[in-house]
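One structure below.
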Amino acid sequence: MQGEDAPTNRRTFLTAVGGAAAAALAGCTDGEGTPTGDGTSSPGPSDTPTDASTPAGGPQSGGTLRVGFESELTGLDPHRTESVVSWLVVFNVCETLITFEDGAPASRLATDWEIGDDGRTYTFTLTEDARFHAPVDRAMTADDVVYSFERMNQDGAMGSDLAAVDSVEATGEYEVTFTLVETFAPFFNFLGRVPWVVVPEEAVEAQGGGLGDFQEPVGTGPFQFDEYEPGEKLTLTAFDDYRADDVPLLDAVEITPIPDADSRVAALRGGDVDMVRGVSGSDADTLREDPETKLSRQRGTQWGQLHINCSEPPWDDPAVRRAVAHAMDRSAIVEAAVSGYGQAAWQPYAEESVWHSDLGDSRRTHDPERAREILDDAGNPLEGETLTIKTNTRYGLMETTAELLVAQLGAAGIDAETEVLEWGTQLSDFVGGNFGAMAFSVPFKIDPDRHYYGFVHPEGTQFNYYGEDQPDAQRMYELLERGRSETDQDERVEIYGEFEQLVNEHCPWISVARADGLAGLRSNVYGVQPWLLPYTRFWTMWTED
Amino acid sequence: MTDATDADGATAEPARPQSPLARRARAFGRRFRRNRLAVGGLLVTAGFVLLAVLAPVLAPYDPAVVDVPARLQGPSLAHPFGTDRYGRDLFSRVLYGARIALQVAVATPLVAGAVGVPIGLVAGYVGGRVDDVLMRLMDSIFAFPAILLGLTLVAVFGQSLTNIVVALGIVYIPQFARVTRGSAVSVVEEEHVRVARSLGASHARIVLVHVLPFCLSAILVQATVTAALAIVLESSLSFLGVGVPSPTPSWGSILRVGKGYVDSGEWWYSVFPGMAIVVAVLGFNLLGDGLRDVLDPRTDPNR
Amino acid sequence: MVSRLQAFLIRRLLWALPVLALVSIAIFGLIRLVPGDPAIVMLGADAPPEQLAAVRAELGLDEPLPVQYVDYVADAVRGDLGHSYVDDRAVSGAIASRLPTTLFLTAAGFLVSLSVAIPAGLLSATNRGEWLDGVGLGFGLLGVSIPNFWLGVVLLLLFGVHLDWLPVAGYVSPLDDPVAGVRYLLLPGITLGTAMAAVVTRMLRSELLEELRREYLDAVRMKGVGELQVLTHATKNAFIPVVTVIGMQFGYLLGGSIVVETVFSIPGMGRLLIDAIQSRDYIMLQGVVLVYTTFFVAVNIAVDGAYFYLNPKLGGER
Chain E
228 MQGEDAPTNR RTFLTAVGGA AAAALAGCTD GEGTPTGDGT SSPGPSDTPT DASTPAGGPQ
288 SGGTLRVGFE SELTGLDPHR TESVVSWLVV FNVCETLITF EDGAPASRLA TDWEIGDDGR
348 TYTFTLTEDA RFHAPVDRAM TADDVVYSFE RMNQDGAMGS DLAAVDSVEA TGEYEVTFTL
408 VETFAPFFNF LGRVPWVVVP EEAVEAQGGG LGDFQEPVGT GPFQFDEYEP GEKLTLTAFD
468 DYRADDVPLL DAVEITPIPD ADSRVAALRG GDVDMVRGVS GSDADTLRED PETKLSRQRG
528 TQWGQLHINC SEPPWDDPAV RRAVAHAMDR SAIVEAAVSG YGQAAWQPYA EESVWHSDLG
588 DSRRTHDPER AREILDDAGN PLEGETLTIK TNTRYGLMET TAELLVAQLG AAGIDAETEV
648 LEWGTQLSDF VGGNFGAMAF SVPFKIDPDR HYYGFVHPEG TQFNYYGEDQ PDAQRMYELL
708 ERGRSETDQD ERVEIYGEFE QLVNEHCPWI SVARADGLAG LRSNVYGVQP WLLPYTRFWT
768 MWTED
Chain L
3 MTDATDADGA TAEPARPQSP LARRARAFGR RFRRNRLAVG GLLVTAGFVL LAVLAPVLAP
63 YDPAVVDVPA RLQGPSLAHP FGTDRYGRDL FSRVLYGARI ALQVAVATPL VAGAVGVPIG
123 LVAGYVGGRV DDVLMRLMDS IFAFPAILLG LTLVAVFGQS LTNIVVALGI VYIPQFARVT
183 RGSAVSVVEE EHVRVARSLG ASHARIVLVH VLPFCLSAIL VQATVTAALA IVLESSLSFL
243 GVGVPSPTPS WGSILRVGKG YVDSGEWWYS VFPGMAIVVA VLGFNLLGDG LRDVLDPRTD
303 PNR
Chain Y
2 MVSRLQAFLI RRLLWALPVL ALVSIAIFGL IRLVPGDPAI VMLGADAPPE QLAAVRAELG
62 LDEPLPVQYV DYVADAVRGD LGHSYVDDRA VSGAIASRLP TTLFLTAAGF LVSLSVAIPA
122 GLLSATNRGE WLDGVGLGFG LLGVSIPNFW LGVVLLLLFG VHLDWLPVAG YVSPLDDPVA
182 GVRYLLLPGI TLGTAMAAVV TRMLRSELLE ELRREYLDAV RMKGVGELQV LTHATKNAFI
242 PVVTVIGMQF GYLLGGSIVV ETVFSIPGMG RLLIDAIQSR DYIMLQGVVL VYTTFFVAVN
302 IAVDGAYFYL NPKLGGER
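Chains as they are written, first to last, in our numbering: chain E, 228 to 772; chain L, 3 to 305; chain Y, 2 to 319.
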């Protein structure tokens with residue numbers, strides 16, 4: 228892990244910004260992804276670093292950054308909107324209590340925090356310097372935090388996300404205390420995500436007060452909302468009273484939706500926009516070769532896998548799953564799907580991550596002979612069977628995984644075919660368990676509980692249907708329960724380490740690749756700090772004339 | 003219909019009693035052979051059919067075999083049309099794509115005709131209100147841009163080759179209906195039909211024996227036209243991503259993927275499959291134009 | 002007193018309404034049969050069931066179909082085509098912002114096609130049998146055999162990528178910047194207009210040949226009138242069925258624009274339609290198809306009216 232800090236060091240937010248040159252080190256920061264199935268499916272790089280060049284002149288202030296987004300903005304009420312792109316805008320306008328630096332919680336609106344001895348009380352000390360934008364124009368206090376969380380949880384809107392929280396209280400003018408129902412290790416992950424932003428009550432009421440009415444968000448962030456012409460562009464302007472000096476550097480940000488990938492790239496190369504998100508692997512090389520543009524890349528933002536329904540024959544037979552794991556040639560898939568902007572993966576966490584567990588030689592690598600051996604030993608359960616792998620054409624990683632896997636299975640003597648669905652249908656099938664196996668990918672999540680619990684544990688959504696009859700099921704449930712209630716990091720690392728060993732052994736899913744998030748920039752744009760959260764942080768960026 | 007006079011002049015053939023239909027068939031054969039468009043069209047179409055049918059034999063590679071290290075290579079001796087994003091040989095895939103196109107070209111007119119011809123016959127024979135209503139209905143469907151109708155139908159039915167053929171068939175029903183009706187209307191007034199009616203023949207018999215045969219030439223021309231249109235429409239739908247689903251190498255879906263590589267220089271991905279479409283469609287269009295000339299007695303055969 | 006033309010138009014309008022109703026019911030009903038849960042697409046797979054149920058209730062998916070339909074029509078007549086929950090915006094607004102783009106594209110195609118077809122048809126017919134005619138015929142044949150999306154991609158490859166003369170993707174409204182607007186519409190316009198030009202050329206040529214052979218023209222010639230005047234006269238008459246063909250081709254242009262918008266990444270209604278299909282956005286899909294339908298029904302009526310007007314001796318519909 229790069230960066231000078233140990234994971235528990237709580238650096239101030241301001242220092243993070245000041246080190247613009249730190250952009251070069253942004254390669255491996257962890258971050259949290261979005262919970263929706265509709266993640267940004269941008270592939271990623273192999274070895275070359277991100278946009279690291281900092282011009283001799285250093286950061287300049289002023290200028291407008293024009294950005295092209297990969298989908299339409301859909302509603303801006305922070306506590307209601309559901310698209311990554313809208314969250315991104317909100318993240319620059321409103322602030323969360325904490326953010327993440329190098330995978331660990333760092334301060335944003337909360338400057339310090341303490342966890343009670345029982346592990347269930349979290350007390351946050353808030354900064355006294357945060358101010359709300361005009362027309363509210365006052366300091367943020369603990370009451371605002373309480374208001375925001377209560378608003379978010381109206382009518383149980385946040386459902387199971389907030390189920391862990393028993394109460395939120397202002398225990399001082401600048402102090403807030405959360406009491407959880409029971410110890411819940413992933414709690415910090417929620418606090419860094421967009422819906423958990425602080426907003427002022429008077430602004431919300433002025434715009435109607437109901438969930439979904441707050442379409443011109445007012446917050447404490449470095450940018451304030453200026454105007455939005457639906458279908459056209461959204462403008463953010465710098466907030467002059469922001470509590471950190473020289474933040475933001477830009478005067479304004481103009482955001483235009485350009486859903487078509489080819490148009491985005493063309494617009495960037497033509498100079499109509501300064502930055503675009505959602506660049507595909509095949510376009511990435513073009514951008515790098517064009518002298519007027521460059522590429523910014525964040526490794527491992529998407530985790531691609533073969534998602535399996537372990538209660539659906541023949542996938543309920545662990546031998547079948549193990550054989551498929553050996554038949555798979557991950558590097559071919561990475562090459563074809565994301566043009567090398569990604570890496571073969573046996574788990575969602577990269578080597579640099581604290582959550583990475585070293586599987587060593589037990590890792591199921593590409594070995595068609597071993598696949599056949601496993602099947603023979605198990606009495607040829609696939610005799611006369613054709614495996615079906617569901618996929619869609621909307622997301623390149625999923626589409627390519629399925630197509631190549633089918634060919635690779637064929638090479639290992641296993642009969643297989645793809646079933647191409649429309650994305651909405653595939654999502655429904657995913658949720659409804661109407662599948663045997665499907666090529667799938669999810670946005671990366673910082674906390675392993677967020678990846679694994681939902682897939683396996685019977686009290687979660689159990690998307691893998693890993694029932695009690697499956698090998699070591701009870702042990703895996705136990706590990707997951709302990710993982711979320713244990714608050715000591717080192718303990719958790721061991722717990723999830725063992726969990727990954729069992730996953731490798733029994734293959735409730737088969738991990739395929741970590742794909743990277745790519746953004747394109749004009750060559751005069753600097754200061755991009757890509758991280759694993761899908762929110763672009765505009766306040767660190769500047770343009771050179 | 004008119005008597006096809008023998009433009010060759012007198013030959014030394016003894017007069018043999020032949021049914022009007024047989025005589026017409028022979029005259030048709032002669033005129034066909036003399037029409038350059040028709041012959042050209044037949045040759046190209048026959049070539050297309052042959053390539054499609056013989057694809058498994060002619061293709062140098064299995065179109066499904068992937069070879070990732072060989073991906074996105076330009077035309078070469080080993081791969082005359084280059085390779086695709088997974089390293090599959092594009093020449094083989096284009097050959098196999100002809101099979102899809104052939105299925106579409108044959109099945110669509112069959113589906114459209116199976117419904118359209120009866121409708122046209124009924125409208126032309128019965129006439130009056132029935133004719134009015136039926137043709138209005140046909141006009142309503144016909145007025146729809148084919149691609150819009152096709153898109154909506156496929157979006158609803160779901161994507162599979164069968165569904166697409168059915169959807170395309172529905173799109174082209176009105177043409178068959180109109181064309182059949184047009185011929186039927188002119189036949190209905192003729193001598194032999196009235197004679198049959200007065201003899202008490204059933205309506206069904208009259209329609210099938212006396213009316214339908216005289217509509218056949220128009221229907222045939224329409225079938226070739228529809229075949230051409232169907233190939234274009236199916237490849238358009240596949241290009242848009244709403245056509246024949248993924249692993250099947252439809253020309254349109256290959257072009258769909260190929261478009262993504264236009265900017266990065268892999269031009270072969272877009273050029274060759276498209277040329278295949280043009281050739282196949284041209285064949286049917288030439289054939290259709292030629293047939294129209296041959297079957298329409300008013301036009302000069304040497305246009 | 003209502004003129005015959007007006008009476009005709011009114012009759013056609015009355016006929017058009019049931020067509021629109023039929024179309025809207027068909028779309029409405031068929032779309033409801035489609036599998037796939039819009040709530041999940043909107044909120045994502047991890048969304049809690051309570052939220053999904055809430056969204057379904059809001060979308061009115063629990064109501065009986067006829068009720069849903071009536072509500073929809075009542076709103077549509079007032080210009081409200083519903084609210085897309087996939088994109089969280091008003092359908093009418095989305096369509097309205099894209100409509101001018103599609104109209105400009107269609108107009109570009111129309112312009113290109115007529116400026117090619119009329120001279121081509123005239124030249125072909127008047128030089129019948131010679132090489133000029135051959136070129137015209139060849140163009141006519143090739144034009145209908147080349148799928149428009151392929152033509153677009155090839156033009157793109159040649160002029161956009163290889164020669165780098167024209168933009169490869171995107172759109173600028175001619176209202177904002179005429180020069181840029183034309184540059185962005187040139188290749189798409191040519192792509193869209195070519196097939197139509199081919200059809201119109203063929204039609205014009207054959208109609209003109211037909212006309213020129215007419216006996217009454219010989220009579221006119223014998224009176225000593227110049228060939229050019231004869232030609233003009235013949236052209237006017239030949240135009241009548243051609244007007245019908247042009248009108249029919251508008252339907253083709255509208256459909257073709259969907260494909261051309263995809264090839265050139267032009268943000269018009271066609272892209273809206275495709276995106277709606279792919280994201281199972283029922284509501285958007287309905288609205289867009291309805292708008293397209295309304296347009297070409299309107300154009301059809303206008304063309305029929307024009308035909309009726311130009312050829313009143315027919316005394317009625319064709």
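Just so you know, even glycine gets a beta-carbon here, dropped at the ideal spot from N, CA and C.
Keep in mind that this is a model prediction, so the values were computed, not measured.
Proximal residues to residue i (C-beta, below 7 angstroms), its chain only, five neighbours per side dropped
i              : result
residue 87(L)  : 73, 74, 259
residue 288(L) : 39, 42, 43, 46
residue 278(Y) : 286
residue 57(L)  : 97, 98, 100, 101
Assigned exposure category for residue i - 16 Cβ within 10 Å defines buried
i              : result
residue 253(E) : With a pLDDT of 30 at residue 253(E), under the threshold of 50, the modelled position of that residue is not reliable, and no figure is offered here.
residue 509(E) : buried
residue 95(L)  : buried
residue 223(Y) : exposed
residue 521(E) : buried
residue 178(Y) : exposed
residue 11(Y)  : exposed
residue 617(E) : buried
residue 179(L) : buried
Distance between beta carbons of residue j and residue i, contact taken as under 8 angstroms
i              : j              : result
residue 768(E) : residue 754(E) : 4 angstroms
residue 759(E) : residue 671(E) : 5 angstroms
residue 533(E) : residue 624(E) : Residue 533(E) to residue 624(E), Cβ: 12 angstroms. No contact.
residue 541(E) : residue 595(E) : Between residue 595(E) and residue 541(E) the Cβ distance is about 18 angstroms, and since that is not below 8 angstroms, they are no contact.
residue 391(E) : residue 570(E) : Not quite, the Cβ-Cβ distance comes to about 33 angstroms (not below 8 angstroms), so this is no contact.
residue 486(E) : residue 298(E) : 6 angstroms
8 angstroms Cβ shell around residue i - same chain, five flanking residues per side excluded
i              : result
residue 250(L) : 102, 163
residue 202(Y) : 117, 118, 121, 122, 125, 137, 140, 141, 144
Cβ shell of residue i (< 6 angstroms), same chain only, five flanking positions each side left out
i              : result
residue 358(E) : 366, 468
residue 174(L) : 114, 228
residue 476(E) : 286, 288, 769
### Task
Inspect the CB distances between the region 294-306 of chain E and the region 431-448 of chain E and report whether three or more fall short of 8 angstroms.
yes
- Just checking, does the region 469-477 of chain E make contact with the region 326-339 of chain E on the three C-beta pairs under 8 angstroms criterion? no
- Query: Is it a yes or a no for the region 236-246 of chain Y touching the region 182-195 of chain Y, going by three-plus beta-carbon pairs under 8 angstroms?
  - Reply: no
Report the residue ranges of all beta strand (DSSP E) runs contained in full by the region 368-416 of chain E; include only those spanning at least 3 residues, in chain order. Fully enclosed beta strand (DSSP E) runs of 3 or longer: 392-399, 402-407.
Count Cβ pairs between the region 150-159 of chain Y and the region 263-283 of chain L that sit closer than 8 angstroms; are there 3 or more? yes
- Query: Between the region 144-151 of chain L and the region 186-202 of chain L, do at least 3 Cβ pairs fall closer than 8 angstroms?
  - Reply: no
Is it true that the region 283-301 of chain L meets the region 217-231 of chain L, where meeting means three or more beta-carbon pairs spaced less than 8 angstroms apart?
yes
- Item | Residue ranges of each beta strand (DSSP E) within the region 301-330 of chain E, 3 or longer | 325-328
Review point. Just checking, does the region 644-658 of chain E make contact with the region 586-605 of chain E on the three C-beta pairs under 8 angstroms criterion?
Key: The region 644-658 of chain E makes no contact with the region 586-605 of chain E; the number of CB pairs closer than 8 angstroms stays below 3.
Check: Taking only runs of the alpha helix (DSSP H) that begin and end inside the region 38-118 of chain L, which ones reach a length of at least 4 residues, in chain order?
Finding: 38-60
May I ask you to verify whether the region 89-96 of chain Y touches the region 165-182 of chain Y, counting CB pairs closer than 8 angstroms and requiring at least 3?
no
* Identify every run of the beta strand (DSSP E) within the region 614-651 of chain E, keeping only runs that are complete inside it and at least 3 residues long; order them along the chain. => 614-619, 643-648
When you compare the region 583-594 of chain E with the region 728-735 of chain E, are there three or more beta-carbon pairs, one atom per stretch, that lie closer than 8 angstroms?
yes
Practice problem: Evaluate contact between the region 285-299 of chain E and the region 415-428 of chain E, counting only Cβ atoms and requiring at least three cross-stretch pairs below 8 angstroms. | Solution: no
Mind the definition here: the region 229-238 of chain L touches the region 167-181 of chain L only if three or more C-beta pairs lie below 8 angstroms; say whether that holds.
yes
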